[in-house]
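**Q** So that we are looking at the same thing, I have put the structure below in C-alpha cells.
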Amino acid sequence: STHPAERDPEEETGLLADLMADEEADNPSPDKREKKEEAERLGQIWVGDGAKLVTNQKDCPGCLISADGLRIYRPPSEKPNALEHLNPTGIQANFVQQKDGKITGNAHMSIEK
Numbered sequence: 014s015t016h017p018a019e020r021d022p023e024e025e026t027g028l029l030a031d032l033m034a035d036e037e038a039d040n041p042s043p044d045k046r047e048k049k050e051e052a053e054r055l056g057q058i059w060v061g062d063g064a065k066l067v068t069n070q071k072d073c074p075g076c077l078i079s080a081d082g083l084r085i086y087r088p089p090s091e092k093p094n095a096l097e098h099l100n101p102t103g104i105q106a107n108f109v110q111q112k113d114g115k116i117t118g119n120a121h122m123s124i125e126k
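Take 14 as the starting number for the sequence shown in the numbering used here and just add one per residue.
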C-alpha cells in the first residue's frame, strides 16, 4: 500500500468507500491490511471535524463519534474470537455507520501486526 503521506484525498475516500462497499456486500476483505497509523488517520477522516470521544470509554476506549452522531471509529484492537478467514491478523479497526442509534454498517479493517 501507499505510504500514508503519499495518499491523496481521493484515494482516502476511495479506500473508505471500498470498506463500506465490502461491508454492504457482506464480503469482508481480510486481504486489505493497513498499518495501525493508517487506520487511525482514516478513522479521523471517517468521523470528520468536530468528532468527540464516545461516552462509554470503558467499553470502547479511544472510540470517536462524528459531530452528527452518524459515524463511529473504533481504533484497532485485538479480536481473538473473530474467525481467522475474516480477521487473519487478529487485530481490526471498525468504521461504523448508525442511524437513530442503530448500527446500519460496520466495516472492518485488518491491521498488520
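By construction, the Cβ of each residue, glycine as well, lies at the ideal position given by its N, Cα and C atoms. What you are looking at is a predicted structure, and each value in this text was computed from that prediction instead of being measured.
#1: Distance, Cα to Cα, Leu32 vs Gln57?
#2: Who does Arg46 pair with in a DSSP beta bridge?
#3: Using only CA atoms, which one of Gly82, Ile104, Cys73, Arg87 lies nearest to Asn94?
#4: Have a look at Asn100 and Ile124 and give me their C-alpha separation to the nearest angstrom.
#5: Could you name the residues that DSSP lists as bridge partners for Lys65?
#6: Whose C-beta lies closer than 8 Å to the C-beta of Lys126 among residues of the same chain, with five residues either side of it excluded?
**A** The short version:
#1: Roughly 15 Å separates the two Cα atoms.
#2: Bridge partners of Arg46: Ser123.
#3: Looking only at Gly82, Ile104, Cys73, Arg87, the smallest Cα-Cα distance to Asn94 is reached by Ile104.
#4: Their backbone Cα atoms lie some 9 Å apart in a straight line.
#5: Beta-bridge annotation (DSSP): Lys65 is paired with Ile78.
#6: Shown here for Lys126: same chain residues with a beta carbon closer than 8 Å to its own, the five before and five after excluded, namely Thr102, Gly103, Ile104 in chain order.
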